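Numbering (our numbering), first residue to last: 178 to 345.
Take a look at the structure:
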């Protein structure tokens, strides 16, 4: 079994979701949203860093995945999102995890079957794949979808095989 954290980067709300992967079986562990605090960029990023660090320390994932960002028309907004994404990649890396990266369309196609699925469709399919999970909102659902995507694309299973070989 391997524990995977998926992170949906955002400067105001950073979704996170943790699943356990045992072969093809997925189990929900936890999910939530880190809400940035503070009025300036530095304090908001520090807040996200501290919250995500607590989550990784508490749940001890063995693999991590983050959604890739795309450049949009608002250059300043893209740069700010990039800073939040840096926190989403830095914290797992500080814990010694390799961070997988997936484009939003890849995540949606993996979880829903369609690359341009709506948020509601992603939430529905995450609930189908993780029955009984209480999902903290759309950002947390997206993060769980990222973790599921990582599990299906071999990132989690390859790591699990490596860990099994190393401990054998």
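Even for Gly, the Cβ is constructed at its ideal location relative to N, Cα and C.
As the structure is a computational prediction, the values presented were derived from the model and not from experiment.
Which residues share a DSSP beta bridge with residue 185? By one-based count along the chain shown, residue 185 stands at place 8. In the DSSP output, where bridge partners are listed per residue, residue 185 has 192.
Below 8 Å on the Cβ atoms is my guess for residue 196 versus residue 274; work out the distance and round it to an integer in Å. Indexing the chain shown from 1 puts residue 196 at position 19. Indexing the chain shown from 1 puts residue 274 at position 97. Their Cβ separation, rounded to whole angstroms, is 15 Å, which puts residue 196 and residue 274 out of contact at 8 Å.
If you draw a straight line from the alpha carbon of residue 215 to that of residue 298, how long is it in whole angstroms? Within the chain shown, the letter at position 38 stands for residue 215. Within the chain shown, the letter at position 121 stands for residue 298. Rounded to whole angstroms, residue 215 to residue 298 spans 33 Å at the Cα level.
When DSSP labels each residue in this structure, what does residue 280 get in the three-state scheme? Here residue 280 refers to the residue found at position 103 of the chain shown. Three-state DSSP puts residue 280 in coil, outside helix and strand.
Which residue from 203, 323 and 276 puts its Cα closest to that of residue 296? To locate residue 296, count along the chain shown from 1; it is residue 119. Comparing Cα positions, the closest option is 323.
Candidates 282, 266, 284 and 283, of which the one nearest residue 276 by Cα: The sequence position of residue 276 within the chain shown is 99, counting from 1. Residue 266 is the option with its Cα nearest to residue 276.
Helix, strand or coil: which one does DSSP assign to residue 201? Your numbering for residue 201 matches position 24 in the chain shown. Three-state result, residue 201: coil.
Output needed for residue 210: all residues of its chain with C-beta closer than 8 Å, excluding positions within five of it in sequence on either side, in chain order. Numbered from its first residue, the chain shown carries residue 210 at position 33. Excluding positions up to five away in sequence, the list reads 190, 191, 192, 193, 313, 314, 316 and 317.
Residues near residue 226 in its chain [Cβ-Cβ closer than 8 Å; skip 5 each side]: As a position in the chain shown, residue 226 is number 49, starting the count at 1. The residues are 264, 267 and 268.
Are the beta-carbon atoms belonging to residue 304 and residue 236 less than 9 Å from one another? On the chain shown, residue 304 is found 127 positions in, with the first residue counted as 1. On the chain shown, residue 236 is found 59 positions in, with the first residue counted as 1. Taking 9 Å as the Cβ cut-off, residue 304 and residue 236 do not qualify as a contacting pair.
Helix, strand or coil at residue 237 [DSSP, three-state]: Here residue 237 is taken as the residue at index 60 of the chain shown, counted from 1. In the displayed model, residue 237 falls within coil according to three-state DSSP, outside both helix and strand.
Contacts around residue 213, its chain only, beta-carbon distance under 7 Å, and the 5 residues preceding and following it disregarded: Stepping through the chain shown from its first residue, residue 213 is reached at position 36. Excluding positions up to five away in sequence, the list reads 188, 189, 221, 224 and 225.
On the CB-based measure, 16 or more other CB atoms within 10 Å of its CB, does residue 256 come out buried or exposed? The residue labelled residue 256 in the question sits at position 79 within the chain shown. Looking at its Cβ environment, which holds fewer than 16 other Cβ atoms inside 10 Å, residue 256 is exposed.
Which listed residue (231, 253 and 245) has its alpha carbon closest to that of residue 218: In the chain shown, the residue the question calls residue 218 occupies position 41. From the listed residues 231, 253 and 245, the smallest Cα separation to residue 218 is found for 253.
Would residue 200 and residue 325 be called neighbours here (beta carbons separated by less than 9 Å)? Start at 1 with the first residue of the chain shown, and residue 200 comes out as number 23. Start at 1 with the first residue of the chain shown, and residue 325 comes out as number 148. No, they are not a contact pair.
Assumed close pair residue 185, residue 244 - CB separation to whole angstroms, cut-off 8 Å: Indexing the chain shown from 1 puts residue 185 at position 8. Indexing the chain shown from 1 puts residue 244 at position 67. 6 Å between Cβ atoms; contact.
Using the rule of at least 16 other Cβ atoms within 10 Å of the residue's Cβ for burial, across every protein chain shown, is residue 293 buried or exposed? Position 116 of the chain shown, counting from 1, holds the residue named residue 293. By the neighbour-count rule (16 or more Cβ atoms within 10 Å), residue 293 is not buried but exposed.
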